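> Let me give you the structure first, and then I'll get to my questions.
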Amino acid sequence: MPEPVPTNPTILRDPSIVRILEGTVFVFILLCLALYFRVLDSVVFLAFVGILLTVSALLVALVIAATQTIQLNKQKDEISELSKIQKATKDTADKLESNSIIHDRVNRFFLLHGDVNTKFELFFPVEYAGKPLPVINQGDFYAIHVISSRLKEGTIVNYPVPRKYKPKPGEKVEEKPDTVPGDRAIFICRPDINYILGSLWKTWTIDASGSPVKHDSYDLPCWFTEKEERTEGDTAGNPPTVLRNIFVSYYEGARLIQSPVDSPSEEFYKKAAELGSGKKYTPGSATYQSDYGILARIHDKDNKVRIIVAGIHQLGTWVVGRLLSRLFYGETVDGMATFIGDKDFIAIIEGKFFDDQWKVTDEQVHSKYIWTRENDKWTRVIDPKKNPDVQPGPFHPAS
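Numbering (this note's numbering), first residue to last: 26 to 424.
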């Protein structure tokens with residue numbers, strides 16, 4: 026059976042075409058009547074016929090022009106539709122490319138080696154404050170959310186760690202972890218609070234000379250420290266104030282480099298603690314607070330993968346989490362080549378928290394402190410833009 030011939034009903038439905046066709050038919054009828062009755066003499070008749078033919082030609086020309094206009098408009102509509110399809114295709118391609126970048130960075134950072142079903146244990150501190158659900162600090166929760174949203178659902182085993190018990194003055198409590206981390210573990214928060222992390226790398230203490238006592242963390246070029254400080258002239262036996270920071274300790278050639286990295290928000294935390302529970306602390310005229318944190322991916326002595334996202338205070342954890350979020354979502358971030366490389370690394374991250382906007386910004390690697398490890402040797406990664414006068418080279422931690 027032959028296929029039906031396609032028609033173009035759109036043209037016949039156009040009002041202008043209909044009017045022109047009606048006019049053409051009317052002129053044709055007049056011409057026929059004039060020929061039939063011959064009511065006019067020959068000269069007038071011929072002139073009349075000429076006029077009718079001219080009008081008919083104009084009408085035909087108008088029909089052709091209108092038809093071409095409709096066809097052009099149709100072509101424009103088709104081109105517009107093609108443009109929309111091209112844009113949608115480009116958006117889809119861009120999205121696929123973006124997803125490809127995200128998957129690649131997650132794969133590299135977590136050392137998945139293409140296996141998205143790789144299992145991780147996630148250890149994070151919680152506080153059971155007489156409620157059915159545990160309390161989690163905002164900075165810790167943000168970091169947990171960033172990590173959980175990028176790894177495949179079902180590949181993370183959560184381990185809430187009760188916040189370290191604070192002993193009374195003079196009371197000694199030895200924390201013994203009830204869980205031994207498996208082959209791949211992620212740790213949120215510093216080791217004196219997340220004592221599962223502390224079972225691997227204890228907090229350094231500072232001796233009388235100002236040098237860190239590293240305990241079993243001898244293989245790290247920087248780590249968390251704490252130092253007790255008593256108020257001068259205090260005779261009431263009040264507990265000492267604990268000052269926390271990150272301490273850098275490594276050799277640059279034969280020269281020992283030791284330096285504390287203090288949190289600019291330490292004073293804010295001290296004053297907030299003096300207010301007691303439930304009271305809000307406002308940091309005076311300061312528009313933002315700053316803190317430091319550590320981002321690390323390390324193979325421990327048993328060659329197990331350990332990822333650390335921890336701040337001096339919870340703000341520092343939030344800062345590190347924010348940098349990870351930007352890294353995972355395809356942005357160019359400070360230290361990116363190191364973080365998605367295949368070597369162990371440890372870096373000090375800094376950033377700001379703006380109270381009026383309730384968000385963290387300006388997160389970046391500290392200008393001097395980022396290392397990679399290869400064959401048990403740490404190498405400081407030098408950014409020529411931040412350190413134009415420093416030559417890169419191998420440095421090893423002070424033991």
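For glycine and all other residues, C-beta sits at the position ideal for the given N, C-alpha and C.
The model shown is predicted, which means the values in this text are computed figures rather than measured ones.
Could you check whether the stretch 361-375 touches the stretch 315-330, counting it as contact only if at least three pairs of C-beta atoms, one from each stretch, sit closer than 8 Å?
yes
> Just to confirm before moving on: does the CB-CB distance between I371 and W396 stay below 9 Å?
Locating residue 371 in the sequence shown gives position 346, counting from the first residue. Locating residue 396 in the sequence shown gives position 371, counting from the first residue. Taking 9 Å as the Cβ cut-off, I371 and W396 qualify as a contacting pair.
> Could you give the residue range of the alpha helix (DSSP H) that holds G346?
Working through the sequence shown from its first residue, we reach residue 346 at position 321. Element bounds for G346: Q339 to F353.
> Roughly how many angstroms separate the alpha carbons of S108 and G139, rounded to a whole number?
On the sequence shown, position 83 is the one that residue 108 refers to. On the sequence shown, position 114 is the one that residue 139 refers to. When rounded, the distance between both Cα atoms is 37 Å.
> Comparing the CB of H170 with every heavy atom of the ligand GTP, is any distance shorter than 8 Å?
Annotation note on the ligand GTP: not contained in the displayed structure, which lists no ligands.
> Give the DSSP-derived three-state secondary structure of L268 in the structure shown.
The residue given as residue 268 occupies position 243 in the sequence shown. The answer is strand: DSSP assigns L268 an E or B state.
> If distances are taken between C-alpha atoms only, which option among D129, T94 and L78 comes closest to F353?
If you number the sequence shown from 1, residue 353 lands on position 328. Per the Cα distances, D129.
> D367 and L136: beta carbons closer than 9 Å?
Against the sequence shown, residue 367 aligns to sequence position 342. Against the sequence shown, residue 136 aligns to sequence position 111. It is a contact, given that the beta carbons lie within the stated cut-off.
> With H170 as the anchor, note down where its alpha helix (DSSP H) starts and where it stops.
The residue you call residue 170 lines up with position 145 of the sequence shown. It spans Q163 to R175 - the alpha helix (DSSP H) in which H170 sits, taken as one unbroken run.
> I'd like the ranges of any beta strand (DSSP E) spanning at least 3 consecutive residues and lying wholly in the stretch 351-380.
369-379
> Looking at C-beta atoms only, is the number of pairs between the stretch 222-242 and the stretch 321-340 that lie closer than 8 Å three or more?
yes
> Roughly how many whole angstroms lie between the Cα atoms of Y275 and G155?
Counted from its first residue, the sequence shown places residue 275 at position 250. Counted from its first residue, the sequence shown places residue 155 at position 130. Near 44 Å, if we compare the C-alpha coordinates of G155 and Y275.
> I'd like to check one pair, T204 with I218: are the Cβ atoms closer than 9 Å?
Position 193 of the sequence shown, counted from the first residue, corresponds to residue 218. Position 179 of the sequence shown, counted from the first residue, corresponds to residue 204. Contact flag unset, no.
> What did DSSP end up calling Y220 once you bin it into helix, strand or coil?
Indexing the sequence shown from 1 puts residue 220 at position 195. In this structure, Y220 counts as helix in the three-state DSSP scheme.
> If I measure Cβ to Cβ from R133 and keep anything under 7 Å in the same chain, skipping five residues before and after, which residues do I get?
Translated into the one-based positions of the sequence shown, residue 133 becomes position 108. I365, listed in sequence order.
> Beta carbon of K295, beta carbon of T266: below 9 Å?
The residue given as residue 295 occupies position 270 in the sequence shown. The residue given as residue 266 occupies position 241 in the sequence shown. Yes, the Cβ-Cβ distance between K295 and T266 is below 9 Å.
> Are N270 and P285 close, meaning C-beta to C-beta below 9 Å?
In the sequence shown, the residue the question calls residue 270 occupies position 245. In the sequence shown, the residue the question calls residue 285 occupies position 260. The answer is yes: Cβ separation under 9 Å.
> Is the separation between the beta-carbon of E146 and that of I181 shorter than 9 Å?
Position 121 of the sequence shown, counted from the first residue, corresponds to residue 146. Position 156 of the sequence shown, counted from the first residue, corresponds to residue 181. In this structure, I181 lies closer than 9 Å to E146 by Cβ.
> Take the Cβ of I54 as the centre, count every other Cβ of all protein chains shown within 10 Å, and call the residue buried at 16 or more, exposed below.
In the sequence shown, counting from the first residue as 1, residue 54 sits at position 29. Exposed, by the Cβ-count rule.
> Just to confirm, are L349 and I161 a CB contact at a threshold of 9 Å?
Counted from its first residue, the sequence shown places residue 349 at position 324. Counted from its first residue, the sequence shown places residue 161 at position 136. Cβ atoms of L349 and I161: not closer than 9 Å.
> So, with DSSP's three-state summary, where would you put S274?
Position 249 of the sequence shown, counting from 1, holds the residue named residue 274. Reduced to three states, the DSSP call for S274 is strand.
> Is the beta carbon of G164 sitting closer than 9 Å to the one on Q339?
Here the question's residue 164 lines up with position 139 in the sequence shown. Here the question's residue 339 lines up with position 314 in the sequence shown. Yes, they are a contact pair.
> For T342 and D359, I'd like the C-alpha separation in whole angstroms.
Counted from its first residue, the sequence shown places residue 342 at position 317. Counted from its first residue, the sequence shown places residue 359 at position 334. Rounded to the nearest angstrom, the gap between the Cα atoms of T342 and D359 is 17 Å.
> Going by alpha carbons, who is nearest to Y167 out of V385, G346, V273 and D380?
To locate residue 167, count along the sequence shown from 1; it is residue 142. Selected option, being the one with the closest Cα: G346.
> Which whole-angstrom value describes the C-beta separation of P150 and R188, a residue pair presumed to lie in contact below a C-beta threshold of 8 Å?
For this step, residue 150 is matched to residue 125 along the sequence shown. For this step, residue 188 is matched to residue 163 along the sequence shown. Contact holds; Cβ gap of about 5 Å.
> How long is the line joining the alpha carbons of E152 and K252, rounded to whole angstroms?
Stepping through the sequence shown from its first residue, residue 152 is reached at position 127. Stepping through the sequence shown from its first residue, residue 252 is reached at position 227. Looking at the two C-alpha atoms, the distance is approximately 24 Å.
> Are the beta-carbon atoms of Q283 and F272 separated by less than 9 Å?
The residue labelled residue 283 in the question sits at position 258 within the sequence shown. The residue labelled residue 272 in the question sits at position 247 within the sequence shown. Yes, they are a contact pair.
> How big is the Cα-Cα spacing for T79 and T92?
Mapped onto the sequence shown, residue 79 falls at position 54. Mapped onto the sequence shown, residue 92 falls at position 67. Rounded to the nearest angstrom, the two C-alpha atoms are 20 Å apart.
> Checking 9 Å against the spacing of the C-beta atoms, do I211 and F148 come in under that value?
Residue 211 sits at position 186 when you count from the first residue of the sequence shown. Residue 148 sits at position 123 when you count from the first residue of the sequence shown. Contact flag set, yes.
> Mind checking who Y317 pairs with in its DSSP beta bridge?
The residue given as residue 317 occupies position 292 in the sequence shown. DSSP lists E375 as partners of Y317.
> What is the rounded straight-line gap between the Cα of T386 and the Cα of V344?
Looking up residue 386 in the sequence shown gives position 361. Looking up residue 344 in the sequence shown gives position 319. C-alpha separation (whole angstroms): 8 Å.
> Have a look at R215 and S174 and give me their C-alpha separation to the nearest angstrom.
Within the sequence shown, the letter at position 190 stands for residue 215. Within the sequence shown, the letter at position 149 stands for residue 174. Distance between the alpha carbons of R215 and S174: 22 Å.
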